[in-house]
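Line by line, the protein sequences are chains C and L.
Number 13 in the working numbering belongs to position 13 of the first sequence; there are no gaps in the numbering.
Counting the second sequence from 1 gives a position; the working numbering is that position plus 136.
Each residue gets a CB set at the ideal place from its N, CA and C atoms; glycine is no exception.
Model, not experiment: these values are computed from the prediction.
Number of protein chains: 2
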Amino acid sequence: MASTLEGPARDLLTQNANFAHVATLRKDGSIQGVVVWVDADEDGNVLLNSADGRAWPANVRRTGRATVTVANQDNPYEFVSVTGKLVQDTTEGADEHIDAMAKKYLGQDSYPFRQDGEKRIKLALQPERVTYNAPG
Amino acid sequence: MASTLEGPARDLLTQNANFAHVATLRKDGSIQGVVVWVDADEDGNVLLNSADGRAWPANVRRTGRATVTVANQDNPYEFVSVTGKLVQDTTEGADEHIDAMAKKYLGQDSYPFRQDGEKRIKLALQPERVTYNAPG
């Protein structure tokens, strides 16, 4: 088990439009799961984007952590699991970041699902535990 | 939020060869994520299959719970998240169950990845919280 996200494991988050399953801890100790867009920065941090007020980013803020699993949509036997700690939580650049992911996932220059009054937030998770399952 | 798995949410686990992201709690309180085959029974319980001795089923046994997210591989905006409690944990029928899933996922009558001495286990999770995200 590694503690850095690099090589083919990182590629899963950046090279294809693979979706992330984000698992966070609810206040009652149970696990919440959602499926969202994902990205990684040059340092191998996992980048997520959400709107302020939603449940799962609130869980990440409260616990300081999340676990993100990303499978290769063309071969789901290849996947990576990253448990990471929250190292960035900002509105700065969050709109540009969701636009960049709209390009990756939708082929559109601008995120088309914005809602009135929505404040985007960008979260960066620094990997603590990385498990990469290579394709068989 | 429902507490039963039915209709299109259940279909995600039974009608296509969609993979499940299973999130369980490690002893240290962090979340482990793995990507595995999945199925559902007639009562809407989530069915998983593993080999005795692996980490994630041990987490399920210790905590009595897991959260399973399954996205439609043809349209990942449709997904279901199920937090369920462990209601069955058995070797009985576990080999037949993994063979049935081999048919679903590989089109083969018999699970081809068996390892020497491996003891298969079949776990059933009864849904407590079900969140279904319909395709947009």
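Straight-line spacing of the CA atoms in L:Y268 and L:V216 works out to 4 Å. The beta-carbon distance between C:A20 and C:I31, rounded to whole angstroms, is 15 Å. This is too long to meet the 8 Å contact definition.
Beta-bridge annotation (DSSP): C:P8 is not paired with any residue. With a cut-off of 8 Å on Cβ pairs, the region 228-239 of chain L is not in contact with the region 96-103 of chain C, counting fewer than three such pairs. Following the DSSP letters along the chain, one finds C:V36 inside the beta strand (DSSP E) bounded by residues 31-36. Under DSSP, the beta-bridge partners assigned to C:P127 are C:G84. Judged by their CB atoms, L:L141 and L:P263 are nearer to each other than the 7 Å cut-off. A distance below 7 Å between beta-carbons, with the five flanking residues on each side excluded, links C:N18 to the following residues of its chain, in chain order: L12, V70, A71, N72, Q73. The beta-carbon separation of C:T83 and C:R65, rounded to 7 Å, stays under the 8 Å limit for a contact. Residue state for L:Y241 is assigned as helix, using DSSP reduced to three classes. Within a 10 Å sphere around the beta-carbon of C:V87 sit fewer than 16 other beta-carbons, which makes this residue exposed. By the beta-carbon neighbour count (other beta carbons within 10 angstroms, threshold 16), C:P112 is exposed. Classified as exposed, L:G165 has fewer than 16 neighbouring CB atoms from the shown chains inside 10 Å of its CB. At a Cβ-Cβ threshold of 7 Å, C:V46 and C:V68 count as neighbours.
When secondary structure is reduced to three states using DSSP, L:N195 falls in the helix class. Interface annotation, L:P271: not in contact with chain C, CB-CB separation never under 7 Å. For the pair C:A40 and C:T14, the Cα-to-Cα distance works out to about 6 Å. The residue among L:L259, L:V266, L:R265 with its C-alpha nearest the C-alpha of L:P193 is L:L259. Straight through space, the alpha carbons of L:R256 and L:Q244 are spaced by roughly 18 Å.
Looking at the backbone, the Cα of C:R114 and that of C:A51 are separated by about 9 Å. As DSSP reads the structure, C:R65 sits in a beta bridge with C:K85.
Residues of the same chain with a CB within less than 8 Å of the CB of L:S246, apart from the 5 flanking positions on each side, are D235, A238 in chain order. Just measuring C-alpha positions, the residue of L:R265, L:G272, L:P271, L:L261 sitting nearest L:E178 is L:L261. Annotation for C:N75: P135 place their beta carbon closer than 7 Å to its own, counting only its chain and skipping 5 residues before and after.
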